[in-house]
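Asks: Here the UniProt record's numbering is used: the first residue of the sequence shown is 1, the next is one more, and so on. Glycine included, each C-beta is placed from N, C-alpha and C at the ideal position. For clarity, every value in this text was computed on a predicted model and none was experimentally measured.
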Amino acid sequence: MDLTYSAGEEAFRAEARAWLEANVPRGLESGDTAVGFAQHLEWERLLFEAGWAVVSWPRDYGGRDASLWEWLIFEEEYYRAGAPMRVTQNGIFLLAPTIFEFGTPEQQARVLPRMAAAQDLWCQGWSEPGAGSDLAATKARAVRDEQRGGWRLTGQKTWTTRGAFCTHMFGLFRTDPESERHRGLTYFMVPLDTPGVTVRGFGRLDGDEGFAEVFLEDAFVPDDAVLGGVDRGWSVAMATTGSERGLTLRSPGRFLSAAQRLVELARSQGVGDDALARDRVVRAWIDAEAYQLFTLQQVTEIAAGAATGARSSLNKLFWSELDVRLHEAALDLLGPEAELDDAWSRGFLFALAGPIYAGTNEIQRNIVAERVLGLPRK
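1) Given this structure, state the Cα-to-Cα distance separating residue 128 from residue 259, to the nearest angstrom.
2) Residue 169 bridges to which residues according to DSSP?
3) Might you give, ordered along the chain, the residues of its own chain that have their beta carbon closer than 7 Å to the beta carbon of residue 291, omitting 5 neighbours on each side?
4) Can you tell me the Cα-Cα spacing of residue 204 and residue 325, whole angstroms?
5) Please say whether residue 162 and residue 91 have beta carbons closer to each other than 8 Å?
6) Is residue 216 helix, strand or coil when you go by DSSP?
7) Residue 151 and residue 142 - do their beta-carbons sit closer together than 8 Å?
8) Tell me whether the region 72-88 and the region 231-243 touch, counting them as touching only if at least three CB pairs, one residue from each stretch, are closer than 8 Å.
9) Exposed or buried, what is residue 284 when buried is set at 16 or more other beta-carbons lying within 10 Å of its beta-carbon?
10) For residue 312, count the other beta carbons within 10 Å of its own beta carbon; 16 or more makes it buried, fewer makes it exposed. Which is it?
11) Could you check what DSSP says for residue 228 in three-state terms: helix, strand or coil?
12) Name the two residues that bound the continuous beta strand (DSSP E) containing residue 154.
13) Should residue 157 be labelled buried (16 or more other beta-carbon atoms within 10 Å of its own) or exposed?
14) From what residue to what residue does the alpha helix (DSSP H) around residue 365 run?
15) Determine the direct distance from the alpha carbon of residue 221 to that of residue 379, and round the result to whole angstroms.
16) State the Cα-Cα distance for the pair residue 367 and residue 287, rounded to the nearest angstrom.
17) Can you give me the C-alpha to C-alpha distance between residue 375 and residue 352, rounded to a whole angstrom?
18) Tell me the residue span of the beta strand (DSSP E) that contains residue 197.
19) Short check: CB of residue 106 to CB of residue 224, under 8 Å?
20) Would you please verify whether the beta carbon of residue 240 is less than 8 Å from any beta carbon of chain D?
21) Looking at the unbroken beta strand (DSSP E) that takes in residue 341, where does it start and where does it end?
22) So, is residue 119 buried or exposed, given that buried needs 16 or more other C-beta atoms within 10 angstroms?
23) Going by the CB atoms, is the gap between residue 212 and residue 153 shorter than 8 Å?
24) Taking the alpha-carbon positions, what's the residue 108 to residue 20 distance?
25) Can you name the residues that DSSP bridges to residue 131?
26) Rounded to whole angstroms, what is the Cα-Cα separation between residue 136 and residue 125?
27) My guess is that residue 112 and residue 131 are in contact by the Cβ rule of under 8 Å, so how many angstroms apart are they, rounded?
28) Among the residues of its own chain, which have a CB less than 7 Å from the CB of residue 330, if the five just before and after it don't count?
29) Would you mind reading off the limits of the alpha helix (DSSP H) that contains residue 263?
30) Would DSSP call residue 185 helix, strand or coil?
31) Using a Cβ-Cβ cut-off of 7 Å (strictly less than) and excluding sequence neighbours within five positions of residue 39, which residues of its own chain qualify?
32) If residue 303 and residue 372 are in contact, beta carbons under 8 Å, what's the gap, nearest whole angstrom?
33) Specify, as a first and last residue, the run of the beta strand (DSSP E) that residue 145 falls within.
34) Rounded to the nearest angstrom, how far is the Cβ of residue 44 from that of residue 86, given a contact under 8 Å?
35) Based on Cα-Cα distance, which residue from 342, 41 and 267 lies nearest to residue 88?
36) Taking only three categories from DSSP, how would you classify residue 111?
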């Protein structure tokens, strides 16, 4: 693995750094509030207009035809500049790779440009009241409407991040009523203004208001809402969860930046002779560097044609637990002042969700044990 960047890649980095330093907004409210979400959309549309929203996508869809290496460089510079978390990430980082792999040319041309431009905003309809971490327990159903040439969707999706603000949802529905578990599921893309769809937002203890429940009652969608084929939804969904757990959702740049901020915090707080505090800071910094090296190795393999597969669970386990440890170290350094530091305290609350969303870490350990290490189920 060659860890040196080419002259072209360094020029790409310099261009990205200069633009971000000149344009990154400051003082935005949380993207999970109505006011903050609107502020973030202004920023994301500026990103798109300048050609930085989806750098690795083809130019026809709003990208720059950048390589995966250049995408990693951009992500590193994005977080280095202190840019805000992307409120369009569920579409751009999760659904889009799935559309590139499974979508028809018509679906790609219809969905991707509007997604890149932050015109259509996507949320993820995975979890249900009886199917939280166990996606295969999905009960929401889709019934064929032969007369109109489409499907009627009925069911409930919950824990829908930013669902209260989004325009579209992607998720799994059971199209074969006789099927069980992973079989008979189909992946649908659903406009949330479809008659029969009700989006009900609810508040959280931290004041964020983007979470929502989505209720569907005989909501009709045409055949072109199906992604990847009828009754093939499980394999399509696994591609999305692979993106969520692996490369695209949590790039190393996010943790490299956070680890550097932790180092600066430790210096400002003066850890002195506290060996335990110093050790925790050093470990967080080393782990962030290790995650970057692991990702570079992974991109090298992808560029050579290899598939990530179940190994994406290794990514998810590592970055989610690193995020918690890193923020715990910061809060302990701040002591009683932690409650007054909004960035670190809110970051900690968000980090606590990491071992749960994208498939709980208990499930990820089972996947690693069985599919990566080849251990028996019992």
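Replies: With the given structure in hand:
1) Here residue 128 is taken as the residue at index 128 of the sequence shown, counted from 1. Here residue 259 is taken as the residue at index 259 of the sequence shown, counted from 1. Each residue's Cα considered, the two are about 35 Å apart.
2) Counted from its first residue, the sequence shown places residue 169 at position 169. 123 and 190, per the DSSP bridge assignment.
3) Along the sequence shown, read from residue 1 onward, the residue named residue 291 stands at position 291. Once the five neighbours on either side are set aside, the close Cβ partners of residue 291 are 252, 255, 318, 319 and 322.
4) Within the sequence shown, the letter at position 204 stands for residue 204. Within the sequence shown, the letter at position 325 stands for residue 325. The straight-line gap separating the alpha-carbon atoms of residue 204 and residue 325 is approximately 23 Å.
5) Residue mapping note: residue 91 aligns to position 91 of the sequence shown, counting from 1. Residue mapping note: residue 162 aligns to position 162 of the sequence shown, counting from 1. With contacts defined by Cβ atoms closer than 8 Å, residue 91 and residue 162 do not form a contacting pair.
6) The residue given as residue 216 occupies position 216 in the sequence shown. Reduced to three states, the DSSP call for residue 216 is strand.
7) For this step, residue 142 is matched to residue 142 along the sequence shown. For this step, residue 151 is matched to residue 151 along the sequence shown. Their beta carbons are under 8 Å apart, which means residue 142 touches residue 151 by this criterion.
8) Verdict: no, contact absent.
9) Position 284 of the sequence shown, counted from the start, is the residue given in the question as residue 284. Its Cβ being crowded by 16 or more others within 10 Å, residue 284 is buried.
10) Residue numbering aside, residue 312 sits at position 312 when the sequence shown is read from its first letter. The residue is buried, with at least 16 neighbouring Cβ atoms inside 10 Å.
11) Locating residue 228 in the sequence shown gives position 228, where the first residue counts as 1. When DSSP states are grouped into helix, strand and coil, residue 228 belongs to the coil group.
12) Locating residue 154 in the sequence shown gives position 154, counting from the first residue. Where residue 154 is concerned, the enclosing beta strand (DSSP E) stretches over 150-160.
13) Counting from 1 along the sequence shown, the entry for residue 157 is found at position 157. Counting Cβ neighbours within 10 Å, residue 157 comes out buried, since at least 16 surround it.
14) As a first step, residue 365 is located in the sequence shown; it is residue number 365 there, counting from the start. Element bounds for residue 365: 361-367.
15) Missing from the structure shown is residue 379; the chain here goes from 1 to 378 and no further.
16) Here residue 367 corresponds to residue number 367 of the sequence shown, with the count starting at 1. Here residue 287 corresponds to residue number 287 of the sequence shown, with the count starting at 1. C-alpha separation (whole angstroms): 22 Å.
17) The count along the sequence shown starts at 1 and reaches residue 375 at position 375. The count along the sequence shown starts at 1 and reaches residue 352 at position 352. Roughly 29 Å between the two C-alpha positions.
18) Along the sequence shown, one-based indexing puts residue 197 at 197. 197-201 is the span of the beta strand (DSSP E), which, as asked, contains residue 197.
19) Your numbering for residue 106 matches position 106 in the sequence shown. Your numbering for residue 224 matches position 224 in the sequence shown. Taking 8 Å as the cut-off, the beta carbon of residue 106 is found closer than this to the beta carbon of residue 224.
20) This model lacks chain D altogether, as it is built from one protein chain only.
21) Here residue 341 is taken as the residue at index 341 of the sequence shown, counted from 1. Element bounds for residue 341: n/a, residue is neither H nor E.
22) Looking up residue 119 in the sequence shown gives position 119. Answer is exposed; the Cβ neighbour count stays below 16.
23) Translated into the one-based positions of the sequence shown, residue 153 becomes position 153. Translated into the one-based positions of the sequence shown, residue 212 becomes position 212. The Cβ-Cβ distance between residue 153 and residue 212 does not fall below 8 Å.
24) One-based indexing of the sequence shown puts residue 108 at position 108. One-based indexing of the sequence shown puts residue 20 at position 20. Approximately 28 Å between the Cα atoms of the pair.
25) Counting from one through the sequence shown, the residue named residue 131 turns up at place 131. Beta-bridge pairing links residue 131 to 128.
26) Position 136 of the sequence shown holds residue 136. Position 125 of the sequence shown holds residue 125. Pairing residue 136 with residue 125, the inter-Cα distance amounts to about 13 Å.
27) Counting from one through the sequence shown, the residue named residue 112 turns up at place 112. Counting from one through the sequence shown, the residue named residue 131 turns up at place 131. The Cβ separation is near 29 Å, so there is no contact.
28) Reading the sequence shown from its first residue, position 330 is the one you call residue 330. The residues 262, 265 and 344, in chain order, have a CB closer than 7 Å to that of residue 330 in the same chain once the five nearest residues on each side in sequence are set aside.
29) Counting from one through the sequence shown, the residue named residue 263 turns up at place 263. That run of the alpha helix (DSSP H) goes 252-269.
30) Here residue 185 refers to the residue found at position 185 when the sequence shown is read from its first residue. The DSSP-derived three-state label of residue 185 is strand.
31) Within the sequence shown, the letter at position 39 stands for residue 39. The residues are 28 and 29.
32) Taking the sequence shown and counting its residues from 1, one reaches residue 303 at position 303. Taking the sequence shown and counting its residues from 1, one reaches residue 372 at position 372. Not quite, the Cβ-Cβ distance comes to about 21 Å (not below 8 Å), so this is no contact.
33) Within the sequence shown, the letter at position 145 stands for residue 145. It spans 141-145 - the beta strand (DSSP E) in which residue 145 sits, taken as one unbroken run.
34) Here residue 44 refers to the residue found at position 44 when the sequence shown is read from its first residue. Here residue 86 refers to the residue found at position 86 when the sequence shown is read from its first residue. Confirmed, about 7 Å.
35) Walking along the sequence shown from the start, residue 88 turns up at place 88. Checked all of 342, 41 and 267; the closest Cα to residue 88 is 41.
36) Within the sequence shown, numbered from 1, the residue matching residue 111 stands at position 111. The three-state reading of DSSP puts residue 111 in helix, counting H, G and I together.
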